[in-house]
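Numbering (my numbering), first residue to last: 21 to 211. For each residue, glycine too, the CB sits at the ideal point set by N, CA and C. Note that this is a predicted model, so its numbers are computed, not measured. Take a look at the structure set out below.
So, in structure tokens, the structure goes:
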């Protein structure tokens, strides 16, 4: 079941600009999460949709632009709305984001706009600018082997990572460890 959550403070007296977006949750073989840093803030790789794009097309384009990699989308994780103010744009946004579990291909395509960083899920959750990004990581870590979508079982044929939750004031902090995997939950692929 795909979940829809709402983050940020909605104020009925503020006019929000709609911003559809897509993001990838990519885990390394040791369960670190891929993040990009922009303007001193951390984000999941991804971004806004152009008018004529599907969610999958937008995510592929954004990943190529940001980190110059191709990706394989495995499964939709969920959808979330994030209300936020962007200083640079002097604008209030209502971001409707779709999150996908994905893998990265090893080969660099070009010069990336952003540096790809790998952080533990707990560190990333505390550093993300958008709370919905921490929520998406938490959704991946909360799934256990019997709840993973069939596409994930077929793709990896191994036990997915299990994560332990502890509370933060507004969203969960997670730390990951692989439990009884026959092979690591690796996500960077060679062509």
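For residue 158, the three-state DSSP class (helix, strand or coil): Note: residue 158 maps to helix in three-state DSSP.
Start and end residues, beta strand (DSSP E) containing residue 143: It is not in any beta strand (DSSP E) - residue 143 instead sits in the alpha helix (DSSP H) that spans 141–147.
Separation of residue 57 from residue 47, as counted between CA atoms: Inter-residue distance for residue 47 and residue 57 is about 17 angstroms (C-alpha atoms, whole angstroms).
Simplified DSSP state of residue 94, which is helix, strand or coil: Of the three classes helix, strand and coil, the one that applies to residue 94 here is strand, per DSSP.
Three-state secondary structure (DSSP) of residue 26: Residue 26 sits in a strand when the DSSP states are folded into three classes.
Cβ contact (3+ pairs, closer than 8 angstroms) linking the region 27–47 and the region 114–125: The region 27–47 vs the region 114–125: in contact.
Residue interval of the alpha helix (DSSP H) (run including residue 61): Note, residue 61: premise wrong, no alpha helix (DSSP H); beta strand (DSSP E) at 61–63.
Neighbour-count burial assignment, residue 77, 16 or more Cβ in a 10 Å radius: That one is exposed.
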